[in-house]
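Taking it in order: structure first as structure tokens, then the write-up.
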Amino acid sequence: MALQGPIPVTFAMVFPHGCYIVGEVEPVKDFDASAGGRFVQARDKQTGELVWQVAVMDGDPTLKPAQKTVAVKILAQVQPVPPAPMPGLPFTPVEFDGLAVTPYVNAAGRLAYSIKVREMRAPGQTTPTAPTKAPAGKDAN
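Position 87 of the sequence shown, counting from 1, maps to 140 under my numbering, and the rest follow consecutively.
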């Protein structure tokens, strides 16, 4: 089979109604390496980057309450900073880039998904890209 490892998806495929931060960005513990009271942060097996986690609430109104909150893992060398809260909203809207899902069978024997992302940003913002060079003889303005 051609699919090996996490499956790339878009933000709109996973959160078509948007999502909202409902927790702090925290380091994920590597349970195998942590011992004797010593905390070791998990690293992604494919990239080697540190793994962080944030709880988000799915904006889908049809979900049952127990299905609304999910953990999103963020791969980054430094702790990601959530977008600034929006005045008048009880939760901070957020979008993610570079999403991938990994299906697995949970303890209850049901299909579940682990969500990993590369970037966290405010809705409507684009991921910063390298500046483009103007063609020869043209102004960059």
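By construction, the Cβ of each residue, glycine as well, lies at the ideal position given by its N, Cα and C atoms. For clarity, every value in this text was computed on a predicted model and none was experimentally measured.
Inter-residue spacing [alpha-carbon to alpha-carbon] between residue i and residue j
{"i": "V62", "j": "A153", "result": "5 angstroms"}
{"i": "A193", "j": "D150", "result": "Below a pLDDT of 50, predicted positions are generally treated as unreliable, and A193, at 42, falls in that range; the measurement from the model is reported next regardless. Between A193 and D150, the C-alpha separation is close to 28 angstroms."}
{"i": "V123", "j": "F68", "result": "11 angstroms"}
{"i": "Q120", "j": "Y166", "result": "12 angstroms"}
{"i": "L56", "j": "G162", "result": "22 angstroms"}
{"i": "I168", "j": "T115", "result": "20 angstroms"}
{"i": "D97", "j": "K117", "result": "31 angstroms"}
Other residues of its chain near residue i: CB distance less than 6 angstroms, five sequence neighbours each side excluded
{"i": "V81", "result": "A95, V104, Q106"}
{"i": "A113", "result": "Reading off the sequence shown, one finds Asp at residue 113, where the question assumed Ala. Here the set comprises H70."}
Residue environment, residue i, which counts as buried when at least 16 other CB atoms sit within 10 Å
{"i": "L164", "result": "exposed"}
{"i": "M66", "result": "exposed"}
{"i": "L128", "result": "buried"}
{"i": "E148", "result": "buried"}
{"i": "V24", "result": "Residue 24 is absent from the structure shown; the chain starts at 54 and stops at 194."}
{"i": "M173", "result": "buried"}
{"i": "I60", "result": "exposed"}
{"i": "V158", "result": "exposed"}
{"i": "V134", "result": "exposed"}
Proximity test, residue i beta-carbon vs the ligand COA heavy atom, cut-off 8 angstroms
{"i": "R91", "result": "Annotation note on the ligand COA: not contained in the displayed structure, which lists no ligands."}
Among the options, the one whose alpha carbon lies nearest that of residue i
{"i": "Q178", "options": "G141, K169, P136, P156", "result": "P136"}
{"i": "Q132", "options": "T115, E79, A108", "result": "E79"}
{"i": "A175", "options": "Y166, P118, A119, M139", "result": "M139"}
{"i": "T100", "options": "I168, K117, Q130, A108", "result": "Q130"}
8 angstroms Cβ shell around residue i - same chain, five flanking residues per side excluded
{"i": "V93", "result": "K82, D83, A86, S87"}
Residues near residue i in its chain [Cβ-Cβ closer than 7 angstroms; skip 5 each side]
{"i": "F144", "result": "Y73, I74, V75, M110"}
**Study point:** In chain order, each alpha helix (DSSP H) run of at least 4 residues that lies wholly inside the segment 138–164
**Key:** none
Check your understanding: Which whole runs of the beta strand (DSSP E) in the segment 87–111 are 3 residues long or more, in chain order?
Key -> Taking only runs of at least 3 residues, the beta strand (DSSP E) segments lying wholly in the segment 87–111 are 104–111.
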